[in-house]
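S.K.: Starting off with a structure, shown below.
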Amino acid sequence: MTKHATRIQPSPGPMQVSDKIAIQISHMNKWFGAFHVLRDINLSIYRGERVVIAGPSGSGKSTLIRCINRLEEHQSGTILVDDTELSSDLKNIDKIRSEVGMVFQHFNLFPHLTILENCTLAPIWVRKMPRREAEETAMHFLEKVKIPEQANKYPGQLSGGQQQRVAIARSLCMRPRIMLFDEPTSALDPEMIKEVLDTMVELAEEGMTMLCVTHEMGFAQAVANRVIFMDQGQIVEQNEPKEFFNNPQHERTKLFLRQIL
Ligand code: ADP
Ligand code: MG
Numbered sequence: 069m070t071k072h073a074t075r076i077q078p079s080p081g082p083m084q085v086s087d088k089i090a091i092q093i094s095h096m097n098k099w100f101g102a103f104h105v106l107r108d109i110n111l112s113i114y115r116g117e118r119v120v121i122a123g124p125s126g127s128g129k130s131t132l133i134r135c136i137n138r139l140e141e142h143q144s145g146t147i148l149v150d151d152t153e154l155s156s157d158l159k160n161i162d163k164i165r166s167e168v169g170m171v172f173q174h175f176n177l178f179p180h181l182t183i184l185e186n187c188t189l190a191p192i193w194v195r196k197m198p199r200r201e202a203e204e205t206a207m208h209f210l211e212k213v214k215i216p217e218q219a220n221k222y223p224g225q226l227s228g229g230q231q232q233r234v235a236i237a238r239s240l241c242m243r244p245r246i247m248l249f250d251e252p253t254s255a256l257d258p259e260m261i262k263e264v265l266d267t268m269v270e271l272a273e274e275g276m277t278m279l280c281v282t283h284e285m286g287f288a289q290a291v292a293n294r295v296i297f298m299d300q301g302q303i304v305e306q307n308e309p310k311e312f313f314n315n316p317q318h319e320r321t322k323l324f325l326r327q328i329l
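Have a look at this one:
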């Protein structure tokens, strides 16, 4: 298949997409100073969708998903997450942050905390969860990502793939309704990519709404119900994976696919 493709088993059954909107972005624009980084973004994501965002480096993929949990601020248009509008209202930002989990390329674990402490920190301090319950929740999700035996180690003692699975478990401990992934496997050695993708496939099968920036086109083909192609701050085209890969419409998409496939 593709030179980036890691073998992913296609999902056994059809994954359900709801008719309820999880994220709605309308006429959204963002600038960094004078640089117009996102241009008139219009995008509706329904609950249960698995959307892959692809596009060349610098096209605005990270900035777009960072706007969705307000790590970046947009300047015009609207972003609604589960009907809550992202504005400068801090109350709304807190609500969104607890509903939307994010996993980064470089894991971003706290190096001086154990794996368990990494997973219980936000539930205890943000969610005000009793420590015992937070620890039980953490162990549940560490088991889910198949590394409960690492709970008392520090991030530096784990492989990259294990650290990324901890990062996913840590996000899940906040019980998000939506998960955003920004190139979660790009910093990993090839032999570790699959273990992280397998975890993401399981999440998808459980019905998690997922938005993933990734170059893993094998994952896109097996798991996504929609692929979005961005270039120069715009959504150039989007389609279901089969059509997207077999029948790209725009020259820029064709060029991109020729480069990566
Ligand atoms: P991608 O994730 O598709 O590679 P990014 O969203 O990271 O793209 O970046 C889009 C563009 O915005 C790039 O030209 C990048 O240099 C620029 N950019 C990203 N973050 C900032 C920032 N904090 N300040 C100024 N420019 C930025
Ligand atoms: Mg990026």
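Heads up, the sequence shown is in this note's numbering, so the first residue is 69 and it goes up one at a time.
Backbone N, C-alpha and C define an ideal beta-carbon position, used for all residues, glycine too.
Predicted, not measured: the structure shown is a model, and the values here were computed from it.
With a cut-off of 8 Å, does the C-beta of F178 fall near any C-beta of chain D?
M.R.: The structure shown contains no chain D, having only a single protein chain.
S.K.: Can you check whether the CB of K98 is closer than 8 Å to the CB of E140?
M.R.: Counted from its first residue, the sequence shown places residue 140 at position 72. Counted from its first residue, the sequence shown places residue 98 at position 30. Cβ atoms of E140 and K98: closer than 8 Å.
S.K.: Go to H104, then tell me how far its alpha helix (DSSP H) extends in each direction, as first and last residue.
M.R.: Translated into positions along the sequence shown, residue 104 becomes position 36. Not the alpha helix (DSSP H): H104 falls in the beta strand (DSSP E), residues 103 to 114.
S.K.: Scan the segment 245 to 284 and note each continuous beta strand (DSSP E) run of 3 residues or more that stays entirely inside, going in chain order.
M.R.: 246 to 250, 277 to 281
S.K.: Could you tell me the distance, in whole angstroms, from the CA atom of L243 to the CA atom of M170?
M.R.: In the sequence shown, residue 243 corresponds to position 175, counting from 1. In the sequence shown, residue 170 corresponds to position 102, counting from 1. A quick correction: the sequence has Arg, not Leu, at residue 243. Our two residues, R243 and M170, have alpha carbons roughly 12 Å apart in a direct line.
S.K.: Within the same chain, show all residues whose beta-carbon is closer than 6 Å to that of N186, passing over the 5 residues directly before and after it, in chain order.
M.R.: On the sequence shown, residue 186 is found 118 positions in, with the first residue counted as 1. Taken in chain order, the residues that qualify are L177, F178, R238.
S.K.: Measure from the alpha carbon of K371 to the alpha carbon of each residue in L325, L248, R233, S112, then state which is nearest.
M.R.: A question about residue 371 goes unanswered here, because the residues of the chain that appear run from 69 up to 329.
S.K.: Secondary structure at T152, three-state DSSP: helix, strand or coil?
M.R.: For the purposes of this step, residue 152 is taken as the residue at position 84 of the sequence shown. T152: strand per DSSP, three-state reduction.
S.K.: Over the uninterrupted beta strand (DSSP E) stretch that includes S94, give me the two end residues.
M.R.: On the sequence shown, residue 94 is found 26 positions in, with the first residue counted as 1. Counting along the chain, the beta strand (DSSP E) containing S94 begins and ends at 89 to 100.
S.K.: Out of curiosity, what's the CA-to-CA distance linking H259 and L154?
M.R.: One-based indexing of the sequence shown puts residue 259 at position 191. One-based indexing of the sequence shown puts residue 154 at position 86. For the sequence presented, residue 259 should be read as Glu rather than His. Rounded to whole angstroms, E259 to L154 spans 39 Å at the Cα level.
S.K.: Taking all protein chains shown into account, do 16 or more other C-beta atoms lie within 10 angstroms of the C-beta of E284, making it buried, or fewer, making it exposed?
M.R.: Here residue 284 refers to the residue found at position 216 of the sequence shown. Buried: at least 16 other Cβ atoms inside 10 Å.
S.K.: Tell me which residue opens and which closes the alpha helix (DSSP H) that F324 is part of.
M.R.: Taking the first residue of the sequence shown as 1, we reach residue 324 at position 256. Looking at the DSSP string, the run of the alpha helix (DSSP H) that includes F324 is 319 to 328.
S.K.: Among I183, R107, F103, Q92, which residue has its Cα nearest to the Cα of Q302?
M.R.: Looking up residue 302 in the sequence shown gives position 234. With distances taken between Cα atoms, Q302 lies closest to R107.
S.K.: Measuring from the CB of F297, is there a heavy atom of the ligand ADP at a distance below 7 Å?
M.R.: By 1-based counting over the sequence shown, the position of residue 297 is 229. For the ligand ADP, not one heavy atom lies less than 7 Å from the Cβ of F297.
S.K.: Could you tell me the alpha carbon to alpha carbon distance between Y56 and F172, rounded to whole angstroms?
M.R.: The structure shown does not extend to residue 56, since the chain is modelled only from 69 through 329, so no value can be given for it.
S.K.: To the nearest angstrom, report how far apart S112 and F175 are at their CA atoms.
M.R.: As a working mapping, residue 112 is identified with position 44 in the sequence shown. As a working mapping, residue 175 is identified with position 107 in the sequence shown. Roughly 27 Å between the two C-alpha positions.
S.K.: Report yes if the C-beta of D250 is less than 7 Å from at least one heavy atom of the ligand MG; otherwise report no.
M.R.: As a position in the sequence shown, residue 250 is number 182, starting the count at 1. D250 Cβ: within cutoff of the ligand MG.
S.K.: Between Q143, Q225, R294, which has its C-alpha nearest H104's C-alpha?
M.R.: Translated into positions along the sequence shown, residue 104 becomes position 36. Answer by Cα proximity: Q143.
S.K.: At which residues does the alpha helix (DSSP H) containing A190 begin and terminate?
M.R.: For the purposes of this step, residue 190 is identified with residue 122 of the sequence shown, where counting begins at 1. Per DSSP, A190 belongs to the alpha helix (DSSP H) from 183 to 193.
S.K.: Just to confirm before moving on: does the CB-CB distance between E203 and T188 stay below 8 Å?
M.R.: Locating residue 203 in the sequence shown gives position 135, counting from the first residue. Locating residue 188 in the sequence shown gives position 120, counting from the first residue. Cβ atoms of E203 and T188: closer than 8 Å.
S.K.: Contact defined as beta carbons within less than 8 Å: I believe Y114 pairs with V85. What is the distance between those atoms, to the nearest angstrom?
M.R.: Translated into the one-based positions of the sequence shown, residue 114 becomes position 46. Translated into the one-based positions of the sequence shown, residue 85 becomes position 17. Between V85 and Y114 the Cβ distance is about 5 Å, and since that is below 8 Å, they are a contact.
S.K.: Using three-state DSSP, classify E203 as helix, strand or coil.
M.R.: Within the sequence shown, the letter at position 135 stands for residue 203. Looking at E203 - three-state DSSP - the assignment turns out to be helix.
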